[in-house]
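For the sequence shown, our numbering begins at 779 and goes up steadily by one.
Heads up, the beta-carbon is just placed ideally off N, CA and C, and yes, glycines get one too.
Treat the numbers as computed from the prediction; the structure is a model and nothing was measured.
A short write-up of the structure that comes next.
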Amino acid sequence: MKLFRCSSLHKLIGDGRSKAAVISDTAKSAIRDIVKEDLYGFRSFTGNQYTQKGNLLEDLAIEMSGKMRLRNYQKHVGRVENELITGECDVLDLKNKLIIDTKCTWDIGTHPFFADEAMEKVKKAGYDVQMQAYMWLYDCDVANIDFWLFPCPPELLNGWDDIDQLVHLVEKIDIRERKTTVVIERDEAIIQKIKDKVPHCQEYYAKLFAERSKVKVAA
Numbered sequence: 779m780k781l782f783r784c785s786s787l788h789k790l791i792g793d794g795r796s797k798a799a800v801i802s803d804t805a806k807s808a809i810r811d812i813v814k815e816d817l818y819g820f821r822s823f824t825g826n827q828y829t830q831k832g833n834l835l836e837d838l839a840i841e842m843s844g845k846m847r848l849r850n851y852q853k854h855v856g857r858v859e860n861e862l863i864t865g866e867c868d869v870l871d872l873k874n875k876l877i878i879d880t881k882c883t884w885d886i887g888t889h890p891f892f893a894d895e896a897m898e899k900v901k902k903a904g905y906d907v908q909m910q911a912y913m914w915l916y917d918c919d920v921a922n923i924d925f926w927l928f929p930c931p932p933e934l935l936n937g938w939d940d941i942d943q944l945v946h947l948v949e950k951i952d953i954r955e956r957k958t959t960v961v962i963e964r965d966e967a968i969i970q971k972i973k974d975k976v977p978h979c980q981e982y983y984a985k986l987f988a989e990r991s992k993v994k995v996a997a
């Protein structure tokens with residue numbers, strides 16, 4: 779059966795418009811996209827300068843998340859899965875039953891300096907559900923999402939970019955003020971919803987995959 783990535787689960791576990799619908803229209807749309815990727819290698823989003831910044835600075839973000847907690851953190855390597863989902867968190871601190879995920883924001887304007895702003899970003903992107911899935915997979919009790927603001931790397935700057943906005947203004951802010959953390963406590967109700975919804979998503983995925991496979995055979 780298809781194992782769904784933790785990062786996709788927020789699209790899959792919502793309730794349908796009618797009680798008869800076991801999975802929502804949003805879930806169906808997301809699953810169709812996943813099938814297209816698995817069959818044809820197509821992804822509607824392949825990255826941009828914002829995700830590039832996050833990838834380039836991921837190790838720095840993890841290092842700084844450790845220093846702020848007086849710990850030595852390194853990126854966790856090793857995907858974990860069960861019969862429903864698969865995932866790989868950024869930092870696994872088993873001693874403290876803690877998971878940490880780091881996010882690097884683009885500039886001062888997009889960085890969530892305020893608690894409610896940070897929580898809005900978490901909810902909108904589905905990071906809260908993703909963290910619940912990680913906590914289930916890794917048997918942890920709490921997850922921290924660290925939003926970091928770092929100067930933009932030179933290799934991502936274009937001639938029309940404002941270096942003052944993307945680099946100098948950021949450097950003027952104390953590094954301790956450039957981290958905003960959202961704490962997500964383990965919620966068994968959300969984890970149970972994942973357990974309840976994902977089998978139906980697996981069935982829909984299998985139906986779509988088989989449908990296209992029959993077309994290939996017929997051709």
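Within-8 Å CB hit, residue i to chain C
| i | result |
| --- | --- |
| G792 | Chain labels in this structure do not include chain C; a single protein chain is all it has. |
Nonlocal neighbours in the same chain, by C-beta distance under 7 Å from residue i, ignoring five residues either side
| i | result |
| --- | --- |
| R821 | E815 |
| T880 | E836, A839, I840, S843, D868, D924 and W926 |
| A808 | S786, K789 and L790 |
| C930 | K831, L944 and V945 |
| I969 | Q910 and W914 |
C-beta atoms of residue i and residue j nearer than 8 Å
| i | j | result |
| --- | --- | --- |
| I863 | M909 | no |
| G865 | R857 | yes |
| V855 | Y983 | no |
| D811 | K875 | no |
| Q827 | L934 | yes |
Endpoints, beta strand (DSSP E) assigned at residue i
| i | result |
| --- | --- |
| V963 | Note on identity: in this sequence residue 963 is Glu, with Val being the wrong assignment. E963 -> beta strand (DSSP E) spans K957 to E963. |
| G865 | I863 to G865 |
| L870 | V869 to D871 |
Where residue i falls: helix, strand or coil (DSSP)
| i | result |
| --- | --- |
| C918 | coil |
| T998 | Outside the shown range of the chain (779 to 997) lies residue 998, about which nothing can therefore be said. |
| F987 | helix |
| D894 | helix |
| K979 | Note that residue 979 corresponds to Cys in the displayed sequence, not to Lys. C979 falls in the helix class under three-state DSSP. |
| L876 | strand |
| L935 | coil |
| I969 | helix |
| L848 | coil |
| D924 | strand |
| R810 | helix |
| V945 | helix |
Alpha helix (DSSP H) segment containing residue i, residue limits
| i | result |
| --- | --- |
| K789 | L787 to L790 |
| D940 | Here D940 belongs to no alpha helix (DSSP H), and DSSP marks it neither H nor E. |
| T829 | Q827 to L834 |
Contact set for residue i: own chain, Cβ-Cβ below 6 Å, skip 5 residues either direction
| i | result |
| --- | --- |
| G904 | H788 |
| V800 | H978 |
Proximity test, residue i beta-carbon vs the ligand GDP heavy atom, cut-off 7 Å
| i | result |
| --- | --- |
| T824 | Summarising the ligand content, the structure contains no ligands, and the ligand GDP is consequently not present. |
Would you call the stretch 885-903 and the stretch 922-939 in contact, with 3 or more CB pairs under 8 Å? A contact exists between the stretch 885-903 and the stretch 922-939.
Count the CB pairs spanning the stretch 836-851 and the stretch 866-886 that are closer than 8 Å, and state whether there are at least three. Because the criterion of three Cβ pairs below 8 Å is met, the stretch 836-851 and the stretch 866-886 touch.
Stretch-stretch touch, CB-based, cutoff 8 Å, three pairs: the stretch 948-958 with the stretch 882-894: By the criterion of at least three beta-carbon pairs nearer than 8 Å, the stretch 948-958 is in contact with the stretch 882-894.
Can we say the stretch 956-969 touches the stretch 980-994, given the rule of at least three CB pairs closer than 8 Å? In short, these stretches do not touch, since the Cβ pair count stays below three.
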